[in-house]
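Trainee:
There are 4 protein chains.
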Amino acid sequence: MTTFAGLFVPAALRETVSDAAWLRAMLRAELALAHAAGTEVDETAFDASHYDIAALCEEGRAAGNPVEPLVRALRARAGDGVHRGATSQDVLDTAAMLVARDAVGAILSELDGAEAACARLADTHRSAPMAARTLLQQAVPTTFGYTAARWLAGLLGARTRLGALRYPAQLGGAAGTLAAFGDRGLDIRSRFAAELELDDELVPWHAERSPVAALASALDAAARAADKIALDVVLLAQTEVGEVAERAGGVSSAMPHKRNPARAVRARACARLTHASAGVLTGGEHELERAAGAWHAEWPALTSTLAYAGGAVAAVRECLDGLEVDTERMRANMSDDLYAEQRSLGLDGDYLGAAEAFVDRVLDRYRT
Amino acid sequence: MTTFAGLFVPAALRETVSDAAWLRAMLRAELALAHAAGTEVDETAFDASHYDIAALCEEGRAAGNPVEPLVRALRARAGDGVHRGATSQDVLDTAAMLVARDAVGAILSELDGAEAACARLADTHRSAPMAARTLLQQAVPTTFGYTAARWLAGLLGARTRLGALRYPAQLGGAAGTLAAFGDRGLDIRSRFAAELELDDELVPWHAERSPVAALASALDAAARAADKIALDVVLLAQTEVGEVAERAGGVSSAMPHKRNPARAVRARACARLTHASAGVLTGGEHELERAAGAWHAEWPALTSTLAYAGGAVAAVRECLDGLEVDTERMRANMSDDLYAEQRSLGLDGDYLGAAEAFVDRVLDRYRT
Amino acid sequence: MTTFAGLFVPAALRETVSDAAWLRAMLRAELALAHAAGTEVDETAFDASHYDIAALCEEGRAAGNPVEPLVRALRARAGDGVHRGATSQDVLDTAAMLVARDAVGAILSELDGAEAACARLADTHRSAPMAARTLLQQAVPTTFGYTAARWLAGLLGARTRLGALRYPAQLGGAAGTLAAFGDRGLDIRSRFAAELELDDELVPWHAERSPVAALASALDAAARAADKIALDVVLLAQTEVGEVAERAGGVSSAMPHKRNPARAVRARACARLTHASAGVLTGGEHELERAAGAWHAEWPALTSTLAYAGGAVAAVRECLDGLEVDTERMRANMSDDLYAEQRSLGLDGDYLGAAEAFVDRVLDRYRT
Amino acid sequence: MTTFAGLFVPAALRETVSDAAWLRAMLRAELALAHAAGTEVDETAFDASHYDIAALCEEGRAAGNPVEPLVRALRARAGDGVHRGATSQDVLDTAAMLVARDAVGAILSELDGAEAACARLADTHRSAPMAARTLLQQAVPTTFGYTAARWLAGLLGARTRLGALRYPAQLGGAAGTLAAFGDRGLDIRSRFAAELELDDELVPWHAERSPVAALASALDAAARAADKIALDVVLLAQTEVGEVAERAGGVSSAMPHKRNPARAVRARACARLTHASAGVLTGGEHELERAAGAWHAEWPALTSTLAYAGGAVAAVRECLDGLEVDTERMRANMSDDLYAEQRSLGLDGDYLGAAEAFVDRVLDRYRT
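This is the structure:
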């Protein structure tokens, strides 16, 4: 089920969404609950090394989730107060947000690198002429710097969305009423969220999954911004175009002379996988107080969405870091027709003032 | 291709996304461009009554879009200055935003009504006990007001997203460089956006489709919030549950005695259709300066997404407006076990303080 | 909600899935039921001209489907025996199969044309060398005829799937038990299917939607086979490649000199829309004896799937019919490296025997 | 990236799609190629224990696939003849079919069990009356045996599709022309397929992915048939309905008294995940002779589709094996209205002859 994950997702990012990371996050949620509720527990019991995630999953088949066996194991070590007043979903949803926050942090680092690379390309090639292509036909002149600036604008938009994400804690008890806490419920809920530095959502979101859907949409947007760049690189790197090339491009097992845009290819694959997983998270129907299936499908789907969105951004960052740009080829590729329209309007055929102004706009936005 | 659209989407909303509305929006964009560029044109030519959308589509098959034949027809009436410096996508993208803004306005009106109905239900039944159900099994007590308050919270979240949408104008010329306008490009672009009261996006978004994807995600979120309510109504209206019923429920052709939750059913159907269309808008790959297919697929997909999201919200508004609530049945349905856990904790079995507090929170948010 | 349908879907195909076609199919189902059950009815009442589909939809909002008002109107004209023993879904599902069979027939005609064009290209250019491209990098030599033969193989596969489709009648009565027909149920069901020349499915499929999902998958496969060709044409038609061109290619509103592969572009757009609609049909959950929403979503989704799959095939047929092939450019584009590997193996660099043999294989299959 | 895979997918099935299984399948393909081409190789080198899949993935990042480093490692042990004339995709596609065939075999075993359980239920409860529910409203009487028979019909349909799948070998060389094999290409290809007992497809399918899409559709159909059963079980197991229950149902961490239909819930989650993954496989665009991304996305997507489809079927098998059926509750739940229509037609209110006949039909089909 990991098929070649190492190929698509960098190790550091994979670690943030591993089963081990989920286990640690669940334990962190349980401990924070004990603190918030003032329950006496043995804190040494909350160390992940005591638990075997594979065994918990196997046991969890009966209950349909891994928290039930984890709570039993935890109680055996830490005492009966563990999990008091909570439901499995409180722990899993809170853990999901902890995992997601960490993974998004890692993705933002990759995004930093990708943005910086785009900014360098935009700046360096601000005025380097190349053919703009619409429907993959040469249309009019543009500059490569402007192309890179538009890539950068896409990444900045993705960053804004990722940066605006909220990570709410989940604590509602058996069905969102916090009833087992008596009149301390709202207070415990606030302290629980505060300890984990998570948001205190208006109401429990056991079956109203906006926070999860928002995460999915923002991650899909990040993958889409990366995918746009990857697609353009693949197209500009075609043998017949040859305007860019990945440094030390992919090696072919059959044709050692080929220079494949392997990183861009990986980014496109990751973006496709992200989009499919994200659709699981934005499309579920959650019945009444807890869904009978749509919730459970979220765990693998969220994990994949985080991993592949990160894989897409990372692959594009790698791709751009070593991108070779052949401005002579760009100029040579431009067909004579390209300037015709501009000349017919009485303009200097090379007129690219607005394109350059757009580059400056985007770089300004990037730098602020 | 409209299959039974009248069944799913109210007439007023359908009108906002009709081919006629698209035509008017395209004409409005062309006229605004003429104004912004200071081009002399005959303004009477911009009246939609001169043009036949079906004929334009038929002619547009060759060019792959309806703007090219429209421009030819417009120029014949209004003069050669029409469309000067623009590309088909400038007109269609701008028209898409005009259409979307109008349709979202209509959806927000339906949302007003749905929210008001939820707020009434939450207020009226704030403390009315009912069984909470997780995995569709009775779990612990809750109140119907709290259920309605969570529905309302979902709708408020959807409103926030719809309200935050930006509608950028599109003006980039043949390939986003505004080259045909010479050094007046950025200035014309600003005036164009201002005349249409659209946003002035950082750079042209011909092939970086964040504005469209953001629309799709927000509309999908609105449909999802409606869908959540519809699903719960369908479940609570089951013969064996009978806690709510749509007023003058759907009639069955085979079983006149049946009382189907027809509005909720329609809302669920609309939400499924919205999600599928929205995925087209969030998942396209757009090549270089203009996509060879992914852009064209957006026109029907955006139209469907707007229409069905609106259909979902409208159906839920209708459903809630006439919702009959049977609080006696709610109480009678509650199994004896429901209070067991609370009693075992030494709490009053009826304790629902936090649920009521959540109702108040949501109503406060709604009223501000 | 038809947005520019005329642009994407040929008129003849659009007609097969129009609301009018659905209405006629519903009337045909009702009449066949009367015949099968031996009910006395006034046959003149079953003429579509008596009914207004828009009004039926408007009235159908209450019941959640258009059959209920149609039955009322029919009964007023034809007598109370109309629809006796049937449920709305019997009529709509049967109508769906009638509509689908007609539409698939129209699609198969377009497929004929596309196959013939591919076969001509494969035959004519069987040995015409061109560069094969993997990951969009030139790899080794191939022939254009082989490329066209692989396109043809894809279309033949799609035809096989479309040709194997079964179109079952639906007749189960209120909940699939045929109870209102007494012990004549199975017999009436057989006669009903026979009159409409539809299949007699093992059991009613009100909530087990294999027939609909199979349709969707086969239509998606047809669109995918068309899409593959369209994508390749777009890539081979790039300015920098220039190996093929659509005859009288698409006109650009901004750049009259451009020659866009507008038909291929339309095909790609249609394929995207087909895939999204098909997913609605393959992904629904249908509750117990009739779904509360997933069924209703099928009507527009099936219509769109039929229309856009047909649009994709038709666009590719148009594209291939006028495809200009530049074999000199193909040869000129081949980089010197392409033959290196083959020479290193001691083979004639031009060796393309297996490619030619594959062309012959596919043409043999096509001709039988 | 495995998130809680053990919870959703039985160990035996997980093993068939593990990275280790993929590695073994790739090695098997390489060895079969050596045999087919008559290349001298050291066969001991083809044992999976020599290779570290994690390291291969890490190394494979540069090439964008795991075959390239595997071939280098294999050549070091087995000699330079390894992989001669093949491309990475030949090995990965062939391995995919080997993996898929094994996994489908395991799924068919689970399907056997699910079918047997349905058949038992249909037989035992052939005439046990219960309320049929349309739009989740009680409609008319049916029998539980008929319900189970329709479930069985769905499973039989899924089996037919899975059973009809073809698993083609892939051997085309660098770009599908088999050129490096000279005039022995077609012959080697046949022997390659024969050694692996795979089909000999008409032409290489590097970029025409019907075999993969057909797999995905059939697996999605299997998951959908399981999902239908799971949904119905969840609905019939509701506290207020109580007509069926899973034996030793799922335990709740918050409410030990609850009896959750955990297996059905798992099946629904698996079906959602299957559908999303399958969409990746049916929706990709594959450029020219090898796709730049869409192919790479298939590896994880195919793995997930196989695993979750299997998980869905297995969960339903477990669910049905222990299903408790409460026929008294079924009878008690039937509202008095249910018989009204039948009585009004002069029929025995209990008339269920056609339902019983359908049960017999399905059992006959099952037994043959």
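Chains as they are written, first to last, in this note's numbering: chain H, 404 to 771; chain R, 404 to 771; chain G, 404 to 771; chain D, 404 to 771.
Backbone N, C-alpha and C fix where the C-beta goes; we use that ideal spot for every residue, glycine too.
Bear in mind the structure is a predicted one, so any value in this text is a computation, not a measurement.
What separation, rounded to the nearest whole angstrom, lies between the Cα atoms of Glu762 (chain R) and Ala629 (chain H)?
Mentor: Residue mapping note: residue 762 (chain R) aligns to position 359 of the second sequence, counting from 1. Residue mapping note: residue 629 (chain H) aligns to position 226 of the first sequence, counting from 1. Here the sequence assigns Val to residue 762 (chain R), which means Glu is not the residue at that position. One C-alpha to the other measures close to 42 Å.
Trainee: Beta-carbon of Leu755 (chain H) versus every beta-carbon of chain G: anything under 7 Å?
Mentor: Within the first sequence, residue 755 (chain H) is the residue found at index 352, counting from 1. Leu755 (chain H) does not count as touching chain G.
Trainee: Using DSSP with H/G/I as helix, E/B as strand and the rest coil, what is Val615 (chain G)?
Mentor: Here residue 615 (chain G) is taken as the residue at index 212 of the third sequence, counted from 1. Here Val615 (chain G) sits in helix by DSSP.
Trainee: With a threshold of 7 Å between beta carbons, is Phe411 (chain H) in contact with chain R?
Mentor: Residue numbering aside, residue 411 (chain H) sits at position 8 when the first sequence is read from its first letter. Answer no: the Cβ-Cβ gap between Phe411 (chain H) and chain R never drops below 7 Å.
Trainee: Reducing DSSP to helix, strand and coil, say where Asp590 (chain G) ends up.
Mentor: By 1-based counting over the third sequence, the position of residue 590 (chain G) is 187. Residue state, collapsed to three classes: helix.
Trainee: May I ask you to list, following chain order, the residues of the region 481-499 of chain D that have a beta carbon less than 7 Å from some beta carbon of chain R?
Mentor: Per Cβ criterion, the list is empty.
Trainee: Which ranges does the beta strand (DSSP E) cover as unbroken runs of at least 3 residues, wholly within the region 515-589 of chain G, from first to last along the chain?
Mentor: Correct list: 532-537 and 540-546.
Trainee: Which term fits Glu611 (chain G), buried or exposed, when burial requires 16 or more other beta carbons within 10 angstroms of its beta carbon?
Mentor: Taking the third sequence and counting its residues from 1, the one referred to as residue 611 (chain G) is at position 208. Glu611 (chain G) comes out buried.
Trainee: Going by beta carbon distance, what residues of the same chain come within less than 7 Å of Leu691 (chain R), once the five residues before and after it are set aside?
Mentor: Numbered from 1 along the second sequence, position 288 holds the residue referred to as residue 691 (chain R). Ala610.
Trainee: Could you list the residues in the region 523-544 of chain G with a C-beta less than 8 Å from some C-beta on chain D, going in chain order?
Mentor: So the list reads Ala535, Arg536, Thr537, Leu538, Leu539, Ala542, Val543 and Pro544, given in the order they occur along the chain.
Trainee: Tell me which same chain residues have a C-beta within less than 6 Å of the C-beta of Ala437 (chain H), skipping the five on either side of it?
Mentor: Residue 437 (chain H) sits at position 34 when you count from the first residue of the first sequence. The answer, listed in chain order, is Val444.
Trainee: Do Leu755 (chain H) and Val647 (chain H) have their CB atoms nearer than 7 Å?
Mentor: Taking the first residue of the first sequence as position 1, residue 755 (chain H) is located at position 352. Taking the first residue of the first sequence as position 1, residue 647 (chain H) is located at position 244. Going by C-beta atoms, Leu755 (chain H) is not nearer than 7 Å to Val647 (chain H).
Trainee: If we call anything under 7 Å between Cβ atoms a contact, is Ala572 (chain G) one with Thr497 (chain G)?
Mentor: Numbered from its first residue, the third sequence carries residue 572 (chain G) at position 169. Numbered from its first residue, the third sequence carries residue 497 (chain G) at position 94. Going by C-beta atoms, Ala572 (chain G) is nearer than 7 Å to Thr497 (chain G).
Trainee: Answer yes or no: does any C-beta atom of chain D fall closer than 7 Å to that of Glu727 (chain H)?
Mentor: In the first sequence, residue 727 (chain H) corresponds to position 324, counting from 1. With 7 Å as the cut-off, Glu727 (chain H) does not count as an interface residue toward chain D.
Trainee: With distance defined between alpha-carbon atoms, name the residue in G:Val765, G:Glu518, G:Ala551 and G:Ala520 nearest to Met533 (chain G).
Mentor: One-based indexing of the third sequence puts residue 533 (chain G) at position 130. Considering only alpha carbons, the answer is G:Ala551.
Trainee: Rounded to whole angstroms, what is the Cα-Cα separation between Ala715 (chain R) and His453 (chain H)?
Mentor: Here residue 715 (chain R) refers to the residue found at position 312 when the second sequence is read from its first residue. Here residue 453 (chain H) refers to the residue found at position 50 when the first sequence is read from its first residue. If I take the Cα positions, the gap works out to 49 Å.
Trainee: Name the one or two DSSP bridge partners that Val728 (chain R) has.
Mentor: Taking the second sequence and counting its residues from 1, the one referred to as residue 728 (chain R) is at position 325. Paired residues: R:Val647.
Trainee: Closer than 7 Å by beta-carbon distance: list the chain R residues that pair up with Ala758 (chain H), in chain order.
Mentor: Stepping through the first sequence from its first residue, residue 758 (chain H) is reached at position 355. The contacting residues are Thr580.
Trainee: Counting only Cβ pairs nearer than 8 Å, list the residues of chain H close to Glu518 (chain R).
Mentor: Counting from 1 along the second sequence, the entry for residue 518 (chain R) is found at position 115. Result: empty, since nearest Cβ-Cβ is about 14 Å, beyond 8 Å.
Trainee: The alpha helix (DSSP H) with Trp425 (chain H) in it runs from where to where?
Mentor: Residue mapping note: residue 425 (chain H) aligns to position 22 of the first sequence, counting from 1. That run of the alpha helix (DSSP H) goes Asp422 to Ala440.
Trainee: Where are the alpha helix (DSSP H) runs, 4 residues long or more, that stay fully inside the region 470-502 of chain R, in chain order?
Mentor: Qualifying alpha helix (DSSP H) stretches, in chain order: 470-481.
Trainee: Mind checking whether Trp702 (chain G) and Ile632 (chain G) have CB atoms under 7 Å apart?
Mentor: Numbered from its first residue, the third sequence carries residue 702 (chain G) at position 299. Numbered from its first residue, the third sequence carries residue 632 (chain G) at position 229. Not a contact, by the Cβ cut-off of 7 Å.
Trainee: On the criterion of 16 or more Cβ atoms from any shown chain inside 10 Å, does Ser680 (chain R) qualify as buried, or is it exposed?
Mentor: For the purposes of this step, residue 680 (chain R) is taken as the residue at position 277 of the second sequence. Result: buried.
Trainee: Can you tell me whether Ala479 (chain G) is buried or exposed? The criterion is at least 16 other CB atoms within 10 Å of its CB, across all chains shown.
Mentor: Translated into positions along the third sequence, residue 479 (chain G) becomes position 76. The residue in question, Ala479 (chain G), is exposed, as its Cβ has fewer than 16 Cβ neighbours within 10 Å.
Trainee: Following the continuous alpha helix (DSSP H) through Arg768 (chain H), name the residue where it begins and the one where it ends.
Mentor: In the first sequence, counting from the first residue as 1, residue 768 (chain H) sits at position 365. Start and end: Gly756 to Arg770.
Trainee: Using 8 Å as the threshold, is the region 421-437 of chain R in touch with the region 466-480 of chain G, meaning 3 or more CB pairs across them?
Mentor: Too few Cβ pairs lie closer than 8 Å, so no.
Trainee: Any beta carbon from chain R within less than 7 Å of Val647 (chain G)'s own beta carbon?
Mentor: Position 244 of the third sequence holds residue 647 (chain G). Not an interface residue.
Trainee: Kindly indicate if chain H contains any beta-carbon less than 7 Å away from that of Trp702 (chain D).
Mentor: Counting from 1 along the fourth sequence, the entry for residue 702 (chain D) is found at position 299. Cβ-Cβ to chain H under 7 Å: yes for Trp702 (chain D).
Trainee: Under the DSSP definition of a beta bridge, which residues are partnered with Arg693 (chain R)?
Mentor: If you number the second sequence from 1, residue 693 (chain R) lands on position 290. Beta-bridge pairing links Arg693 (chain R) to H:Thr537.
Trainee: Any idea which residues DSSP pairs Asp602 (chain R) with across the strands?
Mentor: Taking the second sequence and counting its residues from 1, one reaches residue 602 (chain R) at position 199. In DSSP, Asp602 (chain R) forms a bridge with R:Pro571.
Trainee: Could you tell me which of G:Arg487, G:Leu410, G:Ala489 and G:Arg427 sits nearest to Glu461 (chain R), measuring between CA atoms?
Mentor: Here residue 461 (chain R) refers to the residue found at position 58 of the second sequence. When only C-alpha atoms are compared, the closest one is G:Leu410.
Trainee: With H, G and I counted as helix, E and B as strand and the rest as coil, what does DSSP make of Trp783 (chain D)?
Mentor: Coverage of chain D is limited to positions 404 through 771, which leaves residue 783 (chain D) absent and any answer about it impossible.
Trainee: Give me the chain R residues within the contact set of Phe547 (chain H), using Cβ-Cβ distance strictly less than 8 Å, ordered along the chain.
Mentor: By 1-based counting over the first sequence, the position of residue 547 (chain H) is 144. None at all; the shortest Cβ gap to chain R is about 12 Å.
Trainee: Determine whether the Cβ of Arg669 (chain H) lies closer than 7 Å to any Cβ atom of chain D.
Mentor: For the purposes of this step, residue 669 (chain H) is taken as residue 266 along the first sequence, with counting starting at 1. Cβ-Cβ to chain D under 7 Å: yes for Arg669 (chain H).
Trainee: Verify whether the separation of the beta carbon atoms of Ala700 (chain G) and Leu618 (chain R) is less than 7 Å.
Mentor: Numbered from 1 along the third sequence, position 297 holds the residue referred to as residue 700 (chain G). Numbered from 1 along the second sequence, position 215 holds the residue referred to as residue 618 (chain R). It is not a contact, given that the beta carbons lie outside the stated cut-off.
Trainee: At a cut of 8 Å, does the region 483-490 of chain H reach the region 520-538 of chain H through at least three beta carbon pairs?
Mentor: Touching, no.
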